[in-house]
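Enquirer: This is the structure I have questions about; it appears just below.
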Amino acid sequence: MRLHVGCAMWSHAPWRGRYLPHPLAQGERLRAYATWCNAVEGNTTFYATPAKDTVRSWAAQTGEDFRFIVKLPKTITHVRCLTGVDEELRVFLDTMEPLGPRAHAYWVQLPPSFGPSDLGVLAAFLRGAPRDLNYAVEVRHRAFFEDERAARALESVLAGVGAEWVPFDTVTLFGDRPTSDAERDAWSKKPRVPRRSRALTGRPIVRYLGRDDSDLTVQGWKYWVERVTAWLREGRSPTVFIHTPDNTESLPLARRFHDEVRARVPELEPLPDTEPIEPLTLF
């Protein structure tokens, strides 16, 4: 029984010297992060495919149980809209190959313009993708959240290939007016859609966005603590990513989420011990 938790990145300036050792060489930052969390969102691959040696470094810094949810490049999902991308997908998956089992799922994040009428394109893409890998799809078109027929149609496409639907829960963020620049920025950029929590596979993935106020973030995730607890008792193996608008406290918050679930499921394996941070000195 495992619960994986993580953040949107493994290196963030406000964490340095506070939660993670500083300075750290580029090739040590993921290793330090992995003492706090056992999963991470692979957002950087959306913007550029890294060199294969870089991916080998990611693998070397993490254990085989560590989970990457690797986002497909925007050239595949947003520019080419999943059409005629066989070669681009092959090259990308070959680059990610050193991750081995750490590549828990390949994340197909689709633009808000991708609606129910485009499901045939998604179905064809998923059927043509290598079947020995896991895929997870995030949609942002409101019809999938407000029209039950559209939701069921998407679920049917995903279930046909064993893919998961990734919810991005922003309900807490939009529950009250923003109180900081980071929250105002998130209000202008993040999807405002109803919460969705039906798991399609044994490996559900959740993205939860709270507030810059940690107490509000914790209050808002109570629903997910209960839902994840239920998934674990059903034999599922969930992954939960904790976001806040500025992400300053997302690293300890991810561990806190794990602790709250473990308090309900004591047999859950604990996270690793974090590395001690040496206090700053004048000499």
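Position in the sequence shown counted from 1, then plus 4, gives you this note's numbering.
Ideal Cβ placement from N, Cα and C applies to all residues, glycine included.
1. Any idea which residues DSSP pairs residue 9 with across the strands?
2. Going along the chain, which residues of its own chain have a beta-carbon closer than 8 angstroms to the beta-carbon of residue 229, five neighbours each way excluded?
3. When the Cα atoms are used, what is the spatial distance from residue 103 to residue 278?
4. Considering only the alpha carbon of each residue, which of 155, 40 and 224 lies closest to residue 212?
5. Is residue 28 helix, strand or coil by DSSP?
6. What's the C-alpha gap between residue 158 and residue 124?
7. Which ranges does the alpha helix (DSSP H) cover as unbroken runs of at least 4 residues, wholly within the stretch 184-245, from first to last along the chain?
8. To the nearest angstrom, report how far apart residue 56 and residue 43 are at their CA atoms.
9. Do residue 107 and residue 4 count as a contact pair if the criterion is CB distance below 8 angstroms?
10. Between residue 182 and the rest of its own chain, which residues show a CB-CB distance below 7 angstroms, the 5 nearest in sequence each way excluded?
11. Would you mind sorting residue 51 into buried or exposed? The rule is 16 or more other CB atoms within 10 Å of its CB.
12. Is it buried or exposed for residue 136, if we count other Cβ within 10 angstroms and need 16 for buried?
Expert: Here's the rundown:
1. For this step, residue 9 is matched to residue 5 along the sequence shown. DSSP output for residue 9 lists 244 as bridge partner(s).
2. Within the sequence shown, residue 229 is the residue found at index 225, counting from 1. The beta carbon of residue 229 sits closer than 8 angstroms to the beta carbons of 261, 264, 265 and 268 from its chain, once the five residues preceding and following it are set aside; these are given in chain order.
3. Within the sequence shown, the letter at position 99 stands for residue 103. Within the sequence shown, the letter at position 274 stands for residue 278. Each residue's Cα considered, the two are about 23 angstroms apart.
4. On the sequence shown, residue 212 is found 208 positions in, with the first residue counted as 1. When C-alpha distances from residue 212 are compared across 155, 40 and 224, the shortest belongs to 224.
5. By one-based count along the sequence shown, residue 28 stands at place 24. Of the three classes helix, strand and coil, the one that applies to residue 28 here is coil, per DSSP.
6. In the sequence shown, the residue the question calls residue 158 occupies position 154. In the sequence shown, the residue the question calls residue 124 occupies position 120. Rounded to whole angstroms, residue 158 to residue 124 spans 10 angstroms at the Cα level.
7. Entirely contained in the stretch 184-245, the alpha helix (DSSP H) runs reaching 4 residues are, in chain order, 185-193, 218-224 and 226-237.
8. Within the sequence shown, numbered from 1, the residue matching residue 56 stands at position 52. Within the sequence shown, numbered from 1, the residue matching residue 43 stands at position 39. C-alpha of residue 56 to C-alpha of residue 43: approximately 20 angstroms in a straight line.
9. Since the first residue of the chain shown is 5 and the last is 287, residue 4 is not available in this structure.
10. Locating residue 182 in the sequence shown gives position 178, where the first residue counts as 1. Here the set comprises 188 and 191.
11. Walking along the sequence shown from the start, residue 51 turns up at place 47. By the 10 Å Cβ count, residue 51 comes out exposed.
12. As a first step, residue 136 must be located in the sequence shown, where it is residue number 132. Residue 136 should be labelled exposed.
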